[in-house]
Every structure is written in C-alpha cells, then in structure tokens.
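I have placed the structure first, in the form of structure tokens, so that the comments after it can refer back to it.
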Amino acid sequence: MNFETLINQNDETIKLVIEYEFPDKRCVGGKYVPSTNSIFLFEHDIEIQCRQMFGSLEHLDSYRWIVFGHELGHALDPALSFLSKKLEETGDAYYLYKIEENAWNIAEDLLPFVERGIFQRVRQESLAVHTKKVQNIS
C-alpha cells in the first residue's frame, strides 16, 4: 500500500504533492487545499514533528501515514465545506474542532494498518489544542 493507492481507492481526483518543507516558518507536516483538491506533505516538517513527539524517528513511517491520513480525511469529509463556511461566518472555535475531529475519525477508518497506540497519541495531541479553545469559550 502507498499513498497514491489509498487516494485512488477513495477519490482519484485528489492530487498529492510531496515537498521538502512548508514554505513558512511554521512546522506543518501536511495540508489539504480544497480549492485545488490537493494534499501537501512536507517531509522535513514531518520528521521534525515525529522527533518532537516520540524523541526519535523510530515511528516515522507510521507518523507519515497518520499525517497523510488526516489530510485525506479532510479531503474526504462531506461536511468540510459547510463547517468551513460556518467557521468563517462565526469564528466559533467549535467549528474548527469539528473540522479536525472529522478528519481524525475518517483517518482512523482509512488506516487500520497503523498501530492504534501511535495513532491515538498523535490524534490526542493534535486535538488537545482545539479542545482547549472550545472549552475556554464555553
């Protein structure tokens, strides 16, 4: 299994672009761009994030799949357009949380071959930031 195979099994119109690093100072492992239906993966940033989370590159293959799966989750989310519009209209952090949560739920179904403990750790860490924002507003 490779990234292209998983894309083609789900929606062959999605484009995959792999670059060395995110073209900004932020460390971004992946990004989905709805206007072009493209998933971008940033290899160097993925390595940095993996090292930060696990202290080494021992889980790099799993981590790369998880980042990819999360972005593919955004691409396959039928509610993304609606939630993005609501987020833009209201600025309510709840909608950003739902966008992220949906992508993680879809990714979990797409990646049964990734070790659950590693997946859940990355998911939990990623959602923690959004959970705090929603809790601070409530």
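Position 52, counted from 1, in the sequence shown is what the numbering used here calls 224; the numbers after and before it change by one each time, with no gaps.
Quick reminder that beta carbons are idealized off the backbone N, C-alpha and C, glycines included.
Item                                                                                                : Value
The stretch 176-184 touching the stretch 216-223, judged by at least three CB pairs closer than 8 Å : no
Length of the line joining the Cα atoms of Phe194 and Ile179                                        : 22 Å
Gly202 - DSSP class collapsed to helix/strand/coil                                                  : strand
Cα-Cα separation, Leu299 to Tyr266                                                                  : 12 Å
Best match in Gly263, Ile278, Glu273, Glu176 for proximity to Thr303 [C-alpha to C-alpha]           : Glu273
Continuous beta strand (DSSP E) stretch holding Phe285: start and end                               : Phe285 -> no beta strand (DSSP E), and no H or E assigned at all.
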